[in-house]
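Per UniProt numbering, residue 1 is the first one in the sequence shown, and the count goes up by one each step. Each residue gets a CB set at the ideal place from its N, CA and C atoms; glycine is no exception. Only one structure is covered here, and it is reproduced in the block below.
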Amino acid sequence: MNKVEEFEELRPLLFSIAYRILGSVSEAEDAVQETWLRFDGSTTRPTSTKAYLSATVTRISIDVLRSARVRREEYVGPWFPEPLLSDPYQDPARAVELADSVSMAALLLLERLSPLERAVFVLREVFAFGFDEVATAVGRSEAACRQLLVRARRHMAAGRPRFEADRRERQQLATRFFDALKDGDVGALRNLLAADVQLVGDGGGKAPQLAKAVMGAENVARLLGTVFPWLLRIDVSFELHEVNGQPGAVFRERDGKVLQALVLDVLDGQIQAIRAVINPDKLGHLGPVGDAWAVDREVRQARRRPNRLRDAVSHPVTGPTP
């Protein structure tokens, strides 16, 4: 194969490595493109193209992550990864690890790691690279990489539930959830939610979002059952999708532009967390992005109209008596 063919064959793997290190689709794509430029500009052929390209994209991703950490510390509100609808890299032998590692919950835990710990964990635990390859990729000794992996595993294990592997059961629960959401059925929603469920939105200060996380099945069910039927009344629609390997949906305004991606974390037959990515900067790879502020205003106006009608009936305005 020539260089282009070799690179294209490995592109899905390179993107998957970069996305797990960066938590950003756009930054991962940029890292893969920079890897190609370096590979294309090299005058020597590596012994292993896979090892060379994997090491290159890892080093680029580590550098990008170090600068991104500063921006994330200044981020407005909760920060979530950019939603990923499908992972381009598939390996049946590591299907469970790949699916688990791309979930929102796992990526948020990876945020606790240093850039080097994160890279070592991704290469070794997710993609099963040998320690010699990991050491080359991150520029550390094999012994140092083993220590980095120990620390990374400890951090990941401390806060990590393992989400259900039964995809069919998850999807059935998600279908019931979105049916109840569409109907505004608070009782049905409540029955699907864990007692300590959390509803959190990431707007980044660039879209309407909750002032803080909503906690508890009753509070979350009432909020969802109140708001979402109004969205449907103004022709907002949603399509069920896997989002980061978990059940979710993409919401669109009436002209098809993307408004948000919603993802559910499921454990023990209940929804443990609901995360909404609303920041328009994180949705562009899903298609043209809509104006969430305009939709919010339209919902507020629609909710006020019934009150105006009720007031008009209760207190009719009469003209002057002739």
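For residue i, tell me which candidate among the options has the shortest Cα-Cα distance.
i	options	result
aspartate 291	Thr175, Phe251, Ser48	Phe251
alanine 106	Leu116, Pro88, Asp91, Phe80	Phe80
leucine 267	Arg38, Leu240, Glu169, Leu181	Glu169
leucine 53	Leu181, Gln147, Leu85, Leu10	Leu10
isoleucine 274	Ala261, His285, Ala144, Leu286	Ala261
isoleucine 62	Leu240, Leu231, Leu113, Gly269	Leu113
glutamate 242	Gly201, Arg304, Glu29, Val102	Val102
glycine 284	Gln33, Glu8, Pro12, Glu27	Glu27
leucine 231	Leu259, Gly41, Leu149	Leu259
valine 197	Arg45, Ser141, Gly139, Ala213	Ala213
arginine 124	Met104, Val76, Ala55	Ala55
alanine 211	Asn279, Arg72, Thr136, Gly77	Gly77
leucine 240	Glu218, Asp255, Asp179	Asp179
arginine 72	Leu108, Gln90, Phe39	Leu108
Strictly by DSSP, which residues pair up with residue i?
i	result
leucine 193	Ile271
valine 289	Val258
serine 114	Paired residue(s): none; serine 114 is not in a bridge.
alanine 276	Gly201, Leu262
Less than 8 Å between CB atoms is the rule here; does residue i satisfy it with respect to chain C?
i	result
leucine 14	Although the question refers to chain C, the structure presented lacks it and comprises just one protein chain.
Less than 8 Å separating the beta-carbons of residue i and residue j?
i	j	result
threonine 49	glutamate 5	no
leucine 189	leucine 199	no
arginine 176	leucine 192	yes
phenylalanine 15	proline 92	no
isoleucine 253	valine 295	Correcting the residue identity first, residue 253 is glutamate in this sequence and not isoleucine. The answer is yes: Cβ separation under 8 Å.
valine 126	glutamate 82	no
arginine 146	phenylalanine 131	yes
isoleucine 271	valine 122	no
glutamate 133	alanine 51	yes
valine 227	glutamine 246	no
alanine 207	tryptophan 293	yes
alanine 276	glycine 216	no
proline 115	leucine 65	yes
glycine 203	isoleucine 278	yes
Taking the C-alpha atoms as reference points, what is the distance between residue i and residue j?
i	j	result
arginine 154	arginine 233	47 Å
phenylalanine 129	aspartate 281	33 Å
asparagine 244	lysine 257	20 Å
valine 57	glutamate 117	16 Å
arginine 310	leucine 85	Note that arginine 310 scores 49 on pLDDT, short of 50, meaning its location in the model is unreliable and no value can be drawn from it.
alanine 302	glycine 205	24 Å
alanine 119	glycine 159	19 Å
glutamate 8	alanine 221	46 Å
lysine 3	leucine 286	29 Å
leucine 173	glycine 269	8 Å
glycine 184	alanine 249	16 Å
tryptophan 36	threonine 43	13 Å
valine 317	arginine 297	Its pLDDT being 41, under 50, valine 317 is placed unreliably in this model, and the coordinates cannot settle the point.
glutamate 34	isoleucine 60	8 Å
valine 236	glycine 41	47 Å
alanine 31	valine 186	44 Å
alanine 223	phenylalanine 238	Correcting the residue type first, residue 223 is leucine in the shown sequence and not alanine. Spanning the two alpha carbons is a distance of roughly 18 Å.
aspartate 166	arginine 45	43 Å
glutamine 171	aspartate 265	11 Å
alanine 99	alanine 195	26 Å
alanine 18	glutamate 29	8 Å
tyrosine 75	glycine 23	15 Å
threonine 321	arginine 304	Note that threonine 321 has pLDDT 33, beneath the 50 cutoff, so the model's placement of it is unreliable and no number is given.
serine 67	aspartate 255	36 Å
valine 289	serine 141	45 Å
methionine 104	phenylalanine 39	31 Å
glycine 139	glutamine 209	41 Å
histidine 315	proline 229	Note that histidine 315 scores 42 on pLDDT, short of 50, meaning its location in the model is unreliable; the coordinates nonetheless yield the value given after this. C-alpha separation (whole angstroms): 28 Å.
glutamate 218	arginine 69	35 Å
leucine 149	methionine 1	35 Å
alanine 135	alanine 144	8 Å
valine 25	threonine 47	29 Å
arginine 94	alanine 137	21 Å
Does the beta-carbon of residue i, which I'm using as the reference point, lie nearer than 7 Å to any heavy atom of the ligand ZN?
i	result
valine 220	The ligand ZN is absent from the structure shown, which contains no ligand whatsoever.
| What are the start and end residues of each continuous beta strand (DSSP E) run of 3 or more residues lying completely inside the UniProt domain "RNA polymerase sigma-70 region 2" (7 to 69), in chain order? | The qualifying runs do not exist here; there are none.
| said: At 4 residues or longer, what runs of the alpha helix (DSSP H) sit wholly inside the segment 75 to 108? | reply: 95 to 101
| In chain order, which continuous runs of the beta strand (DSSP E) of length 3 or greater are located wholly inside the segment 181 to 256? | 193 to 202, 237 to 243, 246 to 252
| query | Which full runs of the alpha helix (DSSP H) of 4+ residues lie inside the segment 122 to 179, going along the chain? | reply | 131 to 138, 142 to 158
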